[in-house]
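Chains as they are written, first to last, in this note's numbering: chain A, 127 to 372; chain B, 127 to 372. Here is the structure we will look at, set down as structure tokens.
Number of protein chains: 2
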Amino acid sequence: MKVKCIVSYDGSQFSGYQVQPKKRTVQSEIEEALTKLHKGNSIKIFASGRTDANVHAVGQVFHFETSLTIPEERWPYALNSLLPEDIVITSASYVDEEFHARFDVVKKEYRYIINQQKTQDVFKRKYCFHYPYELDLHSIQKACSLLSGTHDFTSFCAAKTEVENKVRTLYSIDVKKEGNDVVFSFIGSGFLYNMVRILVGTLLEIGLGLKSFEDIPAILEGRDRRLSGKTVPGHGLYLWKVYYDN
Amino acid sequence: MKVKCIVSYDGSQFSGYQVQPKKRTVQSEIEEALTKLHKGNSIKIFASGRTDANVHAVGQVFHFETSLTIPEERWPYALNSLLPEDIVITSASYVDEEFHARFDVVKKEYRYIINQQKTQDVFKRKYCFHYPYELDLHSIQKACSLLSGTHDFTSFCAAKTEVENKVRTLYSIDVKKEGNDVVFSFIGSGFLYNMVRILVGTLLEIGLGLKSFEDIPAILEGRDRRLSGKTVPGHGLYLWKVYYDN
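This is the structure:
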């Protein structure tokens with residue numbers, strides 16, 4: 127049987143999602159818990175994609191094969207009792223054998239949260255990027271409209287990114303103020319390496335007036351990483367939701 | 127000159143507020159930073175009161191004497207640059223020589239936050255008590271009305287509490303739902319050892335129907351710790367605000 131799980135994790139104490147020798151990663155912790163549950167039979171999981179060190183997830187999705195016949199609604203409890211406290215399975219369901227957590231992704235939502243309190247909010251220091259500078263949200267919103275749609279995002283991914291086709295579609299980009307926070311939401315067909323963090327870095331520079339929203343078309347057309355803004359830190363980033371058909 | 131500071135801290139990594147030999151405490155970290163700033167001259171701070179291990183503060187207040195002539199608004203920056211990331215000075219001001227952070231307290235506000243999400247919210251695991259059980263908030267509110275006012279709170283403090291006079295005044299107790307959280311707020315003249323945590327433990331038992339709000343008068347009159355509810359964990363508790371005259 128194939129199980130699909132939704133998992134939330136606090137990325138602070140992980141060297142990212144993917145297994146790496148001698149590093150604490152989300153994947154290795156989950157596989158270890160599953161292997162324990164399967165009495166030592168090694169279980170491999172397949173996620174919608176990776177996340178980097180310090181990056182969080184509210185709704186990461188993975189699947190795995192099991193021979194156990196645990197009722198759907200008991201899977202989260204069974205796994206959470208074996209997982210460390212910074213990983214929580216929030217739901218599980220049995221799915222078709224054809225389902226694949228990575229290949230079947232239709233779209234993904236990432237959020238990036240900055241906190242604008244004058245002094246650092248101690249309770250959010252690992253969960254938001256502290257950025258206490260005045261931002262022109264109106265200009266940022268105009269830049270967001272220019273970034274939505276289908277574009278070659280070469281200027282908005284890490285220079286060393288090896289994937290060839292850098293055309294992606296951003297279905298929506300939203301920015302909203304929530305108390306002392308500013309929350310950026312990106313829903314897209316797929317995201318290149320560091321894409322959200324470079325998009326946010328660029329939007330913040332526009333918000334400060336260091337760049338103009340009118341620069342966006344030229345930045346996109348230039349296809350050069352040096353034209354866009356700085357990469358903001360990982361700890362403000364959340365893989366929020368992964369969408370599949372049905 | 128005397129400086130009054132407001133400080134916020136994440137209690138997770140501290141053995142409480144007060145200096146203890148070989149333990150990491152909030153007081154010792156702040157005194158160490160201040161002593162560094164005063165080129166090795168040892169500085170002692172005086173807070174509004176202690177907080178226990180894992181208990182947080184949004185608005186703890188302390189004062190100290192200084193010979194430095196740093197402008198008021200620069201004190202937070204000067205100190206924060208020397209403090210660990212789980213302590214943040216949010217404001218500072220010069221005050222009269224007569225001011226005392228502990229003896230001049232007029233009232234204090236504590237908050238206690240429970241999170242009712244079905245599975246643990248990983249981002250709040252150190253900042254809320256996870257309590258995913260259905261609560262009758264109406265009964266809890268009725269119990270709150272019966273607890274407000276001036277009472278002998280012997281039944282609501284740790285049995286070993288040594289202070290003799292256990293009469294305190296609760297000016298207000300509020301309970302409100304905020305998304306998946308339930309936030310309890312207590313404003314009072316003063317609080318006995320573990321008082322807020324025992325009050326919340328009792329209110330939760332009333333919310334579950336294990337106790338009735340109608341039991342409150344008898345619990346108060348009985349002056350016996352065994353009559354009230356369990357002590358809830360420290361990590362849901364916040365010293366929210368300390369009030370002084372002016």
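Glycine included, C-beta positions come from ideal geometry on N, C-alpha and C. Quantities reported herein were computed from a predicted structural model and do not represent experimental measurements.
Exercise for the section: Could you spell out where the beta strand (DSSP E) holding G314 (chain B) opens and where it closes? Expected result: For the purposes of this step, residue 314 (chain B) is taken as the residue at position 188 of the second sequence. Counting along the chain, the beta strand (DSSP E) containing G314 (chain B) begins and ends at D307 to G314.
Problem - Anticipated Cβ contact below 8 Å, I239 (chain B) with G362 (chain B), distance rounded - result: Within the second sequence, the letter at position 113 stands for residue 239 (chain B). Within the second sequence, the letter at position 236 stands for residue 362 (chain B). Approximately 5 Å separates the beta-carbon atoms of I239 (chain B) and G362 (chain B); this is inside 8 Å, confirming the contact.
Exercise for the section: Check N372 (chain B) in the structure and name its three-state DSSP category. Expected result: Locating residue 372 (chain B) in the second sequence gives position 246, counting from the first residue. Of the three classes helix, strand and coil, the one that applies to N372 (chain B) here is coil, per DSSP.
Problem - CB contact flag (V301 (chain A), V308 (chain A), <8 Å) - result: Here residue 301 (chain A) refers to the residue found at position 175 of the first sequence. Here residue 308 (chain A) refers to the residue found at position 182 of the first sequence. Result yes, Cβ atoms of V301 (chain A) and V308 (chain A) sit closer than 8 Å.
Exercise for the section: Please name the residue in A:T357, A:F140, A:L160 and A:D341 whose C-alpha comes closest to that of L273 (chain A). Expected result: Here residue 273 (chain A) is taken as the residue at index 147 of the first sequence, counted from 1. It is A:D341 whose Cα lies nearest to the Cα of L273 (chain A).
Exercise for the section: Would you mind giving the Cβ-Cβ distance between G185 (chain B) and V368 (chain B), rounded to the nearest angstrom? I have them listed as a contact below 8 Å. Expected result: On the second sequence, residue 185 (chain B) is found 59 positions in, with the first residue counted as 1. On the second sequence, residue 368 (chain B) is found 242 positions in, with the first residue counted as 1. With 8 Å as the limit, G185 (chain B) and V368 (chain B) qualify as a contact, their Cβ atoms being about 6 Å apart.
Practice task
Out of B:H226, B:I313, B:D262 and B:D350, point me to the one whose CA is closest to G335 (chain B)'s CA.
Solution key: Numbered from 1 along the second sequence, position 209 holds the residue referred to as residue 335 (chain B). When only C-alpha atoms are compared, the closest one is B:D262.
Handout entry: Cβ-Cβ distance between C131 (chain A) and F188 (chain A) below 8 Å
Key = Sequence index remark: in the first sequence, residue 131 (chain A) carries index 5 (1-based). Sequence index remark: in the first sequence, residue 188 (chain A) carries index 62 (1-based). Taking C-beta atoms as the reference points, C131 (chain A) and F188 (chain A) count as a pair closer than 8 Å.
Problem - Distance between F249 (chain A) and Q242 (chain A) (C-alpha atoms, nearest Å) - result: Residue mapping note: residue 242 (chain A) aligns to position 116 of the first sequence, counting from 1. Residue mapping note: residue 249 (chain A) aligns to position 123 of the first sequence, counting from 1. A direct Cα-Cα distance of roughly 13 Å separates Q242 (chain A) from F249 (chain A).
Handout entry: Cutoff 6 Å; reference H277 (chain A); Cβ partners in own chain excluding five residues on either side
Key = The residue you call residue 277 (chain A) lines up with position 151 of the first sequence. Excluding residues up to 5 positions away in sequence, L346 lie with their Cβ nearer than 6 Å to the Cβ of H277 (chain A) in the same chain.
Handout entry: Helix, strand or coil at K250 (chain A) [DSSP, three-state]
Key = Within the first sequence, the letter at position 124 stands for residue 250 (chain A). Helix at K250 (chain A).
Handout entry: Touching by the beta-carbon criterion (3+ pairs, under 8 Å), the segment 147-155 of chain B and the segment 202-215 of chain A
Key = Contact check between the segment 147-155 of chain B and the segment 202-215 of chain A: fewer than three CB pairs, one atom from each, fall below 8 Å, which does not count as touching.
Handout entry: Contacting residues, own chain, Cβ-Cβ under 8 Å from G327 (chain B) (five flanking each side not counted)
Key = For the purposes of this step, residue 327 (chain B) is taken as residue 201 along the second sequence, with counting starting at 1. Excluding sequence neighbours, G327 (chain B) sits near S354, G355, K356, T357 and V358.
Practice task
Could you pull out every unbroken beta strand (DSSP E) segment of at least 3 residues lying fully inside the segment 268-307 of chain A, listed in chain order?
Solution key: Entirely contained in the segment 268-307 of chain A, the beta strand (DSSP E) runs reaching 3 residues are, in chain order, 275-278 and 293-304.
Problem - alpha helix (DSSP H) segment containing Y203 (chain A), residue limits - result: One-based indexing of the first sequence puts residue 203 (chain A) at position 77. Unbroken alpha helix (DSSP H) run through Y203 (chain A): W201 to N206.
Problem - Buried/exposed call for K162 (chain A), threshold 16 Cβ in 10 Å - result: By 1-based counting over the first sequence, the position of residue 162 (chain A) is 36. Exposed.
Problem - Enclosing beta strand (DSSP E) for T216 (chain A) [first to last residue] - result: On the first sequence, position 90 is the one that residue 216 (chain A) refers to. Run containing T216 (chain A): I213 to V221, per the beta strand (DSSP E) assignment.
Exercise for the section: For the segment 213-232 of chain B, enumerate the residues whose C-beta is nearer than 9 Å to any C-beta of chain A, in chain order. Expected result: When C-beta distances to chain A are compared with 9 Å, the residues of the segment 213-232 of chain B below that value are I213, V214, I215, T216 and S217, in chain order.
Problem - Beta carbon proximity, S168 (chain A) to chain B, threshold 8 Å - result: Translated into the one-based positions of the first sequence, residue 168 (chain A) becomes position 42. No, its Cβ sits nowhere closer than 8 Å to a Cβ of chain B.
Exercise for the section: Determine the chain A residues that contact E211 (chain B) at a beta-carbon separation under 7 Å, and present them in chain order. Expected result: In the second sequence, residue 211 (chain B) corresponds to position 85, counting from 1. Chain A residues near E211 (chain B): R251.
Handout entry: Neighbouring residues, chain B, relative to T245 (chain A) (Cβ below 9 Å)
Key = Position 119 of the first sequence holds residue 245 (chain A). Going along chain B in sequence order, the residues near T245 (chain A) (Cβ under 9 Å) are S134, P202, Y203, N206, V214, I215, T216 and S217.
Problem - Proximity test, Cβ basis, 8 Å: V129 (chain A) and chain B - result: Here residue 129 (chain A) refers to the residue found at position 3 when the first sequence is read from its first residue. Closer than 8 Å: no.
Exercise for the section: Using three-state DSSP, classify H164 (chain A) as helix, strand or coil. Expected result: Translated into positions along the first sequence, residue 164 (chain A) becomes position 38. It is coil, neither helix nor strand.
Handout entry: Bridge-paired residues (DSSP) for L365 (chain B)
Key = Here residue 365 (chain B) is taken as the residue at index 239 of the second sequence, counted from 1. Answer by DSSP bridge pairing, in chain order: B:A183 and B:Y236.
Practice task
Identify each residue in the segment 247-277 of chain B for which the Cβ-Cβ distance to at least one residue of chain D is less than 7 Å, and report them in chain order.
Solution key: Looking for chain D here will not work: the only protein chains present are A and B.
Exercise for the section: Figure out for me which residue from A:S134, A:F190, A:S265 and A:N180 has the closest Cα to the Cα of F140 (chain A). Expected result: Counting from 1 along the first sequence, the entry for residue 140 (chain A) is found at position 14. Of the candidates A:S134, A:F190, A:S265 and A:N180, the one whose C-alpha sits nearest the C-alpha of F140 (chain A) is A:N180.
Exercise for the section: Quickly, what does DSSP pair A347 (chain A) with across the bridge? List them, please. Expected result: In the first sequence, the residue the question calls residue 347 (chain A) occupies position 221. According to the sequence provided, residue 347 (chain A) is Glu. The question's Ala does not apply to it. According to DSSP, E347 (chain A) bridges with nothing at all.
Problem - Exposed unless 16 or more other CB atoms sit within 10 angstroms - verdict on Y364 (chain B) - result: The residue you call residue 364 (chain B) lines up with position 238 of the second sequence. Buried: at least 16 other Cβ atoms inside 10 Å.
Problem - Extent of the continuous alpha helix (DSSP H) to which I324 (chain B) belongs - result: Counted from its first residue, the second sequence places residue 324 (chain B) at position 198. That run of the alpha helix (DSSP H) goes M321 to L334.
Exercise for the section: Count the C-beta pairs between the segment 280-287 of chain A and the segment 318-326 of chain A that are closer than 8 Å, then say yes if the count reaches three, no if not. Expected result: Yes: at least three Cβ pairs fall under 8 Å.
Exercise for the section: Return yes when the Cβ of T177 (chain A) is within less than 8 Å of the Cβ of T245 (chain B), no when it is not. Expected result: Position 119 of the second sequence, counted from the first residue, corresponds to residue 245 (chain B). Position 51 of the first sequence, counted from the first residue, corresponds to residue 177 (chain A). Against a cut-off of 8 Å, the Cβ pair of T177 (chain A) and T245 (chain B) comes out as no contact.
Practice task
Say yes only if the C-beta of L160 (chain A) is nearer than 7 Å to one or more non-hydrogen atoms of the ligand GTP, and no if none qualify.
Solution key: This structure simply doesn't include the ligand GTP, nor any ligand for that matter.
Problem - Bridge partner(s) assigned by DSSP for F140 (chain B) - result: If you number the second sequence from 1, residue 140 (chain B) lands on position 14. Paired residues: none, contrary to the question.
Practice task
Give every residue of the same chain whose Cβ lies closer than 6 Å to the Cβ of G333 (chain A), excluding the five residues on either side of it in the sequence, and list them in chain order.
Solution key: For the purposes of this step, residue 333 (chain A) is taken as the residue at position 207 of the first sequence. Within the same chain, G333 (chain A) has close Cβ partners L261, D262 and I266.
Practice task
Under 8 Å by Cβ, that's how I've got S134 (chain A) and K252 (chain A) pegged, so tell me the actual separation to the nearest angstrom.
Solution key: Residue mapping note: residue 134 (chain A) aligns to position 8 of the first sequence, counting from 1. Residue mapping note: residue 252 (chain A) aligns to position 126 of the first sequence, counting from 1. In this structure, S134 (chain A) and K252 (chain A) do not form a Cβ contact; the two beta carbons are roughly 14 Å apart against a cut-off of 8 Å.
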